[in-house]
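Numbering (our numbering), first residue to last: 18 to 331.
Worksheet: the structure to be examined is printed underneath.
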Amino acid sequence: MANFVFCLPTLAQFAPAAGMPGSSAIKADSSCFISWATQCTIKRGLKQINLADSGYANIGISDFSIGEATRKGVVSLGDGGIAILGFDSPIFDGEGFDFAVFENAFSDSFLELAFVEVSSDSIHWVRFPSESLSPTKKQTPAFGFTQATKIHNLAGKYRHPFGTPFDLADLPKVDAINTDTIRFIKIVDVVGCIDSLWGSRDRYGRIVNDPWPTNFGSSGFDLDAVGVIHQLATLGQEKITEKPRPPYFNTATQILVSSNSNRQKLSVYSSKGKLVLERYIPSGIQSTTINLPVGIYIAKVGTSTIRILLTSNF
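The structure is reproduced here in C-alpha cells:
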C-alpha cells in the first residue's frame, strides 16, 4: 500500500507524531502483530564515534530485543551500532505495513533514529529509502528535539510504546532480495553528527541530524523489539504450509494443514473477516487438505492464529 506524503509549498512533510491525525504509529499491544523477533545479534558502536577512548554502549543485552515490545527492556547500539534480528518464519509483503520497529523514546520529539535493512539470506541486504528533512545548520544536542514530520522510513520516529511501521513495497528492486521471504531485519544506528566526516546520510545524501553526542552507556538507538504484521508462519504444533496445486486448478492453491495435537477445530477467515472454512482435525489423523482461492487468509487452530498467503504456483 502506498504511503501518502503531504506537501507544503516548499517542503514535504511526513506522518506526524503518535496520536496525531494521519500518524502511522502502531501501539505495541495492537492486534495487528502476529509474531515478534526470536533471534538477535548485535555489534555495538562507540559511545561517541569520534572519540576512540569513549568506550562502547553497554546498556542491555541482545535478548532484550527478542519477543514483545515493552516486556524486557532495551539494548543500546551506540554510534553506528548494528542489530540483526531473525524470525521463526519469513515476513512477506502484504497489504500495507509488514512490520514495525520499537525504540524507547520518552517523548514525541526526543527521537533517536536508525536505518532499517532486510534480507532473505543474511548475506544480501537492501535498505529502506529514508528521508530526513531536519535542519542541519546546527547540531541537535544530546537531549535536543526532532520533529516526526521531518522523518520518513527511519526507525525511532515514534515514542514508546509506539512502533515505526515499514512497508516492504517501499524497497527498491534487488535480485537477491525476495520481499515475500524476508528472514532477517538489520537495525543500523544513525550517527546524528552533522560533521560530514562522521554523520549518516539519507537516501538523497542529506545529513541526518539527531541527538548527538551521546557519550554514555545508552548511546545511540535503543532497540526494544520488532513486531511482525505479515508472516508465512507456523505456530505451536499446527503447521500450515503451501502445497503445489494440480495444473488444472486455475483459481486455487492447495495448502496442507498438519496437526499432531488432539482433535481441534480449524477455522479459516478471509482478509475481511468472513468465515470461509471450518473443519475439525480428528485425533490420529496427521493431515487434511483444503482448497481456497488465491489470497490472504487468517487461520485459527486451537489457540494459534496466523495469516496465510496463498499464491499461484505458475
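The beta-carbon is built from N, C-alpha and C at its ideal position, and this holds for glycine as well.
Item: Taking its Cβ as the centre, do 16 or more other Cβ atoms sit within 10 Å of Met37, making it buried, or is it exposed?; Value: exposed
Item: Where does Leu292 fall in DSSP's three states?; Value: strand
Item: Let's see if you can read the secondary structure: which residues bound the beta strand (DSSP E) around Ala193?; Value: From DSSP, Ala193 is part of no beta strand (DSSP E); its letter is neither H nor E.
Item: Which first and last residues belong to the beta strand (DSSP E) in which Gly180 is found?; Value: Phe179 to Phe183
Item: Give the straight-line distance between the Cα atoms of Val208 and Leu294, rounded to the nearest whole angstrom.; Value: 51 Å
Item: Quick one: measure Cβ to Cβ for Ser149 and Asp219, integer angstroms, because I've assumed they're closer than 8 Å.; Value: 5 Å
Item: Can you give me the Cβ contacts of Lys334 inside the same chain, cut-off strictly under 7 Å, excluding the 5 residues immediately before and after it?; Value: Look at the range of the chain in this structure, 18 to 331, and you will see that residue 334 is not part of it.
Item: Between which residues of its own chain and Asn195 is the CB-CB distance below 8 Å, once the five residues before and five after are set aside?; Value: Ser137
Item: Using 8 Å as the Cβ pair cut-off and three pairs as the minimum, do the segment 114-131 and the segment 197-207 touch?; Value: yes
Item: Can you look up Lys174 in the DSSP assignment and give me helix, strand or coil?; Value: coil
Item: Quick check: the Cα distance between Asp227 and Tyr175, rounded to an integer number of angstroms?; Value: 14 Å
Item: Hey, quick one: how far does the beta strand (DSSP E) through Lys14 stretch, first residue to last?; Value: An answer regarding residue 14 cannot be provided, because it is not within the stretch 18 to 331 covered by the chain.
Item: Extract the residue ranges of the beta strand (DSSP E) inside the segment 44-98, only unbroken runs of 3 or more that lie entirely within it.; Value: 56-60
Item: Could you tell me whether the Cβ atoms of Ala45 and Gly39 are closer together than 8 Å?; Value: no
Item: Apart from the five residues on each side of it in sequence, which residues of its chain come closer than 6 Å, Cβ to Cβ, to Leu171?; Value: Leu130 and Ser147
Item: Closer than 8 Å by C-beta to Gly117: which residues in its own chain qualify, once you throw out the five before and the five after it? Chain order, please.; Value: Note that residue 117 corresponds to Ala in the displayed sequence, not to Gly. Correct list, in chain order: Ile43, Phe50, Gly180, Thr181, Pro182, Phe183, Val243, Gly244 and Ile246.
Item: DSSP three-state call for Thr131: helix, strand or coil?; Value: It should be noted that the sequence gives Ala, not Thr, for residue 131. In this structure, Ala131 counts as strand in the three-state DSSP scheme.
Item: So the candidates are Asp105, Arg296, Asp70 and Asn67; which of them puts its Cα closest to the Cα of Arg200?; Value: Asp105
Item: Let me know if Asp212 comes out buried or exposed under the rule of 16 or more other beta-carbons within 10 Å of its beta-carbon.; Value: exposed
Item: Would you mind giving the Cβ-Cβ distance between Gln248 and Phe109, rounded to the nearest angstrom? I have them listed as a contact below 8 Å.; Value: 7 Å
Item: Could you check if Leu252 is buried or exposed, using at least 16 other CB atoms within 10 Å of its CB as the buried criterion?; Value: Any reading at Leu252 must be qualified, since the residue scores a pLDDT of 39, below 50, and its modelled position is unreliable; the value itself is stated next. Burial call: buried.
Item: When you compare the CB positions of Ser82 and Thr58, do they come within less than 8 Å of one another, or not?; Value: no
Item: Out of curiosity, what's the CA-to-CA distance linking Ile168 and Gly95?; Value: 20 Å
Item: Measure the alpha-carbon distance for Leu123 versus Glu85 and round it to whole angstroms.; Value: In the sequence as displayed, the identity of residue 123 is Phe instead of Leu. Spanning the two alpha carbons is a distance of roughly 18 Å.
Item: What does Arg200 pair with, by DSSP beta-bridge criteria?; Value: Paired residue(s): none; Arg200 is not in a bridge.
Item: In whole angstroms, what is the alpha-carbon distance linking Val91 and Phe160?; Value: 18 Å
Item: Tell me which same chain residues have a C-beta within less than 8 Å of the C-beta of Ala193, skipping the five on either side of it?; Value: Ser137, Asp138, Ile140 and His141
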